[in-house]
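Trainee: Numbering-wise, the sequence shown is residues 0 to 125 according to numbering that gives the first Met the number 0. Yeah, the Cβ is synthetic: ideal placement off N, Cα and C, and Gly gets one too.
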Amino acid sequence: MPDFHTFCPFNEEHELTFSEKEIARAKRFRNKSGGKIMVACPFDCRALAITKSDGTMPDDVEAWIPDESDAICVPLLNDTVIRMPAGFVLEAGVKLYRPGSGGPLLGRREYMFAHGIDPECFLNRG
Ligand SMILES: [Zn+2]
Numbered sequence: 000m001p002d003f004h005t006f007c008p009f010n011e012e013h014e015l016t017f018s019e020k021e022i023a024r025a026k027r028f029r030n031k032s033g034g035k036i037m038v039a040c041p042f043d044c045r046a047l048a049i050t051k052s053d054g055t056m057p058d059d060v061e062a063w064i065p066d067e068s069d070a071i072c073v074p075l076l077n078d079t080v081i082r083m084p085a086g087f088v089l090e091a092g093v094k095l096y097r098p099g100s101g102g103p104l105l106g107r108r109e110y111m112f113a114h115g116i117d118p119e120c121f122l123n124r125g
């Protein structure tokens, strides 16, 4: 499978490229993202879901993502519910992120799914 090229739904100047490896990882961990193929925009750190252009997401991801004209990124959560991370703690070498609004510590993918932001991306931006 070639790299998947698309645009961020929040800013058309954010050109996104996801490698086969990243998509395979997103697929493998879909149990942590409500069954969605979840990725993040590296420019604004928003969590995105890859769907077909009609909004559906058939199981045979490898078959349809390469058809770039029929695969798009959509916001995972809407703007009213996203939460920025306040920091992280290390537990047994695993980063757990703390929502700025309070709440339980979450791993990176769990945080993206619950709060709509890639916490690692956001905290690295400083
Ligand atoms: Zn973006």
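Quick check on the DSSP output: what are the complete alpha helix (DSSP H) runs of length 4 or more inside the stretch 35-75, in order along the chain?
Mentor: 60-63
Trainee: P1: which of P84, D58, W63 and F42 sits nearest, CA to CA?
Mentor: W63
Trainee: What residues are listed by DSSP as bridge partners for H114?
Mentor: In DSSP, H114 forms no bridge with anything.
Trainee: If you reduce the DSSP assignment to three classes, tell me which class F159 lands in.
Mentor: The requested residue 159 is not part of the displayed model; the chain covers only 0 to 125.
Trainee: Reducing DSSP to helix, strand and coil, say where F121 ends up.
Mentor: F121: helix per DSSP, three-state reduction.
Trainee: Within 8 Å: the Cβ of N40 and any heavy atom of ligand 1?
Mentor: Per the sequence presented here, residue 40 reads as Cys, with Asn not at that position. Checking every heavy atom of ligand 1 against the Cβ of C40, one is found closer than 8 Å.
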